[in-house]
Structure formats: C-alpha cells, structure tokens
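Residue numbers (the working numbering): 30 to 154.
(1) What are the uninterrupted segments assigned as alpha helix (DSSP H) that are 4 or more residues long and contained completely in the region 55-137, given in chain order?
(2) Quick check on the burial criterion: 16 or more other C-beta atoms within 10 angstroms. Buried or exposed for residue 139?
(3) Just confirm the distance between the C-beta atoms of residue 58 and residue 145, as a whole number of angstroms; I'd bet it's less than 8 Å.
(4) Can you tell me where the alpha helix (DSSP H) holding residue 144 begins and where it ends?
(5) I'd like the list of long-range same chain contacts for residue 117, defined as Cβ closer than 6 Å, with 5 residues on each side in sequence excluded.
(6) Is it right to say residue 9 is buried, meaning 16 or more other beta carbons lie within 10 angstroms of its own, or is it exposed?
(7) For residue 67, which of 130, 81, 100, 95 has the nearest alpha-carbon?
(8) Note down the Cα distance separating residue 95 from residue 63, rounded to an integer number of angstroms.
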C-alpha cells in the first residue's frame with residue numbers, strides 16, 4: 030500500500046506545482062489595441078477628455094482625478110488607484126466595482142479581451 034500512496038502523493042504534488050507555476054495568459058497589447066476600438070467612441074488614448082476621460086497614464090492614477098472631467102461622486106469617492114487588477118475588474122463590470130458611476134457600459138465579459146485591453150492601456154503614457 031505504501032507504494033501507491035507515494036505515487037499518488039507525487040502526482041498530486043506535480044499537479045499542484047503545475048497550477049502554481051503556470052505563468053498564465055500573456056497579454057497581447059496589439060490585440061488590446063483592437064479591442065480598444067469599441068472604447069474609442071468615448072475615450073482618447075492621450076489625456077484629452079471626450080464623453081469619458083482620457084486614458085493616457087491610467088495605470089497608477091487615482092480614480093476621479095483627471096483635470097477638466099466631470100466625474101460622478103461615486104468615482105471621486107471610490108478611493109481607487111488604477112492598477113491592472115482593478116482596471117480588469119472595472120472593465121468586467123463597471124457598476125459592480127463602482128456603483129453609481131456614470132459609465133454606460135455593461136462590461137467586457139471575455140477575460141482574454143480584458144487582459145489584452147489592460148495590457149494595451151498600460152502602454153498609454
């Protein structure tokens with residue numbers, strides 16, 4: 030009985046090591062640029078405001094602080110500092126992350142598209 034237990038434990042260890050060592054999905058910023066085309070109707074890739082705020086330099090920026098843009102109170106009071114994880118969550122469901130925000134967008138459900146879009150947004154300075 031000892032032999033099969035050791036083999037089973039070894040296999041379990043390999044499976045666990047494989048799941049924790051998996052580097053995950055590599056972002057494709059070029060594909061993210063294509064995904065962004067749907068966002069471009071409201072958002073600029075620089076610091077210019079349109080219907081939505083300019084997204085240049087979004088990573089590391091405090092939410093609700095773009096000069097000249099009229100944010101909702103919900104966004105201004107959110108306390109969010111945009112990083113890749115928070116942007117991903119916001120893109121998935123803006124109203125869930127910041128209830129009461131003004132962005133009329135139901136969310137981007139495809140996790141690969143979101144990851145690629147976040148990768149692209151991270152390139153904007």
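Don't be surprised by glycine CBs; every beta carbon is placed ideally from N, CA and C. From a predicted model like this one, the values you see are computed outputs, not experimental measurements.
For this structure:
(1) 58-65, 102-105, 113-121, 123-126
(2) exposed
(3) 7 Å
(4) 140-150
(5) 143, 147
(6) Not covered by the structure: residue 9. The range shown for the chain is 30 to 154.
(7) 81
(8) 24 Å
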